[in-house]
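Worksheet: the structure to be examined is printed underneath.
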Amino acid sequence: MKTIHFFGECMMELKPTSDNMMAQSFAGDIYNAAVYLKRCFPKLTSSVITAIGQDSISDKMLAHFETEQISTECVFRHPDKTIGIYLIETDDTGERSFVYWRSDSAARDTMRFIPEAKLAQFVSGDVFFFSGIPLAIMHAEHRNAFWSMLENLKARGLTIVFDPNYRAALWQSQQFAIAEFDKALSLSDIALPGLEDFEVLYQFSSTNDVVRHCQHLGVNEVVVKNGPASVVTCSQGEIQAHIIEPVKNVVDTTSAGDAFNGVFLGARLSGYSISDAVRYAAKAAGAVIQFPGAIAPKNEFLKAIA
Ligand code: ADP
1 MKTIHFFGEC MMELKPTSDN MMAQSFAGDI YNAAVYLKRC FPKLTSSVIT AIGQDSISDK
61 MLAHFETEQI STECVFRHPD KTIGIYLIET DDTGERSFVY WRSDSAARDT MRFIPEAKLA
121 QFVSGDVFFF SGIPLAIMHA EHRNAFWSML ENLKARGLTI VFDPNYRAAL WQSQQFAIAE
181 FDKALSLSDI ALPGLEDFEV LYQFSSTNDV VRHCQHLGVN EVVVKNGPAS VVTCSQGEIQ
241 AHIIEPVKNV VDTTSAGDAF NGVFLGARLS GYSISDAVRY AAKAAGAVIQ FPGAIAPKNE
301 FLKAIA
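Residues in the sequence shown are numbered from 1 upward in steps of one, following the UniProt record's numbering.
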């Protein structure tokens, strides 16, 4: 059974339901991707590498992981910190914004639980996925160990996958974000960037610019997401533009890109061609945005993509 590890943070999600009421669940870019991968490809092992607290809300999060059949083998319990929180605000068009309380979260310390001596053999399996968010929130003293772990994993033959998921507010400067993203891309086999991230950070204006930059840094397979407009892929030098059918009833676009990532990777690991993987991933992302919050109800989601 193939295993994919998702490295990063899961938070408590709060979303308004009606005046002064909030629904509470759990989400975060890498966790969302892990969930949608597992829902669409139950035979693959979807594992989350993160840190949570020892309190009851962390217990609830862990129980949630287990309900979604996510492997919790690499979920660490921080002795004195707990999980972060975010609130989703959605405008009339379904576009969302977020308010975060995560600056002291347990997940920022995840690398502390992976001993230096075990960096090389800590992660087994086939794929290691991370995004710009864990990279942004990681404490400075853990960065060297993280890069060293990534180099070890790559040398051992794991497929390294990166989604830049740029969040300006999490970075001390644009230059630092660019330097870290370029390092991440240069170690990645697959990159899953959104065009918007590169427009904002690198001032690129087209999917071709993004593809060229990633190729230049040695990425084998690039998948550029551009909302309902298109998905452009480049694998072994062959560029393809894929048409996305726009969804009419957009309720909340939270986690569209994450669902796309999880299902695309699950499909590629299961032997799908790039076009078939994009088609399936786009269908899943198109279903997710018709529900509020990051994680759509399981049965409704499975019905929507059947
Ligand atoms: P992110 O959520 O990371 O900002 P995108 O907005 O590019 O990423 O969306 C990710 C994927 O979700 C797209 O590649 C597309 O497949 C799907 N998607 C997003 N918005 C729509 C839409 N309005 N209609 C149909 N599919 C969409």
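By construction, the Cβ of each residue, glycine as well, lies at the ideal position given by its N, Cα and C atoms. Source: prediction; values computed, not measured.
Secondary structure at Cys10: coil, using DSSP grouped into helix, strand and coil. Secondary structure within the segment 12-69: the alpha helix (DSSP H) runs of 4 or more consecutive residues, fully enclosed, are 29-40, 56-67 (chain order). Glu196 has its CB nearer than 7 angstroms to a heavy atom of the ligand ADP. Here Ser97 is exposed. Its C-beta has fewer than 16 other C-beta atoms within 10 Å. Contact between Ala277 and Phe264 holds, since their C-beta atoms are separated by about 5 angstroms, short of 8 angstroms. If you ignore the 5 residues before and after Thr110, its C-beta comes within less than 6 angstroms of the C-beta of Thr50, Ala51, all in its own chain and listed in chain order. The beta carbon of Ile274 sits closer than 6 angstroms to the beta carbons of Thr233, Ser235 from its chain, once the five residues preceding and following it are set aside; these are given in chain order. Nearest neighbour of Met138 by Cα position, chosen from Gly286, Glu9, Leu14, turns out to be Glu9. For Trp147, the enclosing alpha helix (DSSP H) begins and ends at 143-155. In this structure, the alpha-carbon of Gln121 lies about 18 angstroms from that of Thr45.
Distances from the alpha-carbon of Asp55 to those of Pro16, Leu153, Ser105 put Ser105 closest.
Those residues whose C-beta sits under 6 angstroms from the nearest heavy atom of the ligand ADP are, from N- to C-terminal order along the chain, Gly194, Lys225, Asn226, Gly227, Pro228, Val231, Ile244, Pro246, Val247, Val250, Thr253, Ala256, Gly257, Phe260, Ala282, Ala285, Gly286, Ile289.
Note on geometry: alpha-carbon atoms of Asn299 and Cys40 lie some 12 angstroms from one another.
If you draw a straight line from the Cα of Phe113 to the Cα of Pro246, it comes to about 43 angstroms. Counted as a single uninterrupted DSSP element, the alpha helix (DSSP H) harbouring Asn208 occupies residues 207-216. Straight-line spacing of the CA atoms in Asp92 and Val251 works out to 9 angstroms. Here Pro79 is exposed, its C-beta having fewer than 16 other C-beta atoms within 10 Å. With a 10 Å radius around the Cβ and a threshold of 16 neighbouring Cβ atoms, His5 comes out buried. Assigned with DSSP and collapsed to three states, Leu87 falls in strand. The C-alpha of Ser124 is placed about 9 angstroms away from the C-alpha of Arg156.
Nearest Cα to Gly286 within the set Ala191, Glu151, Pro16, Tyr36: Tyr36.
Using a 10 angstroms sphere on the CB of Glu13, the tally of other CB atoms reaches 16 or more, which defines it as buried. In this model, Phe128 and Ser270 are separated by some 16 angstroms (Cα to Cα).
Contact fails between the segment 151-168 and the segment 61-79, because fewer than three Cβ pairs, one in each stretch, are under 8 angstroms apart. DSSP lists Val232 as the beta-bridge partner residues of Ala241. In this structure, DSSP gives Lys225 an extended state, which the three-state scheme calls strand. In the three-state reduction of the DSSP assignment, Ser273 falls in the coil class.
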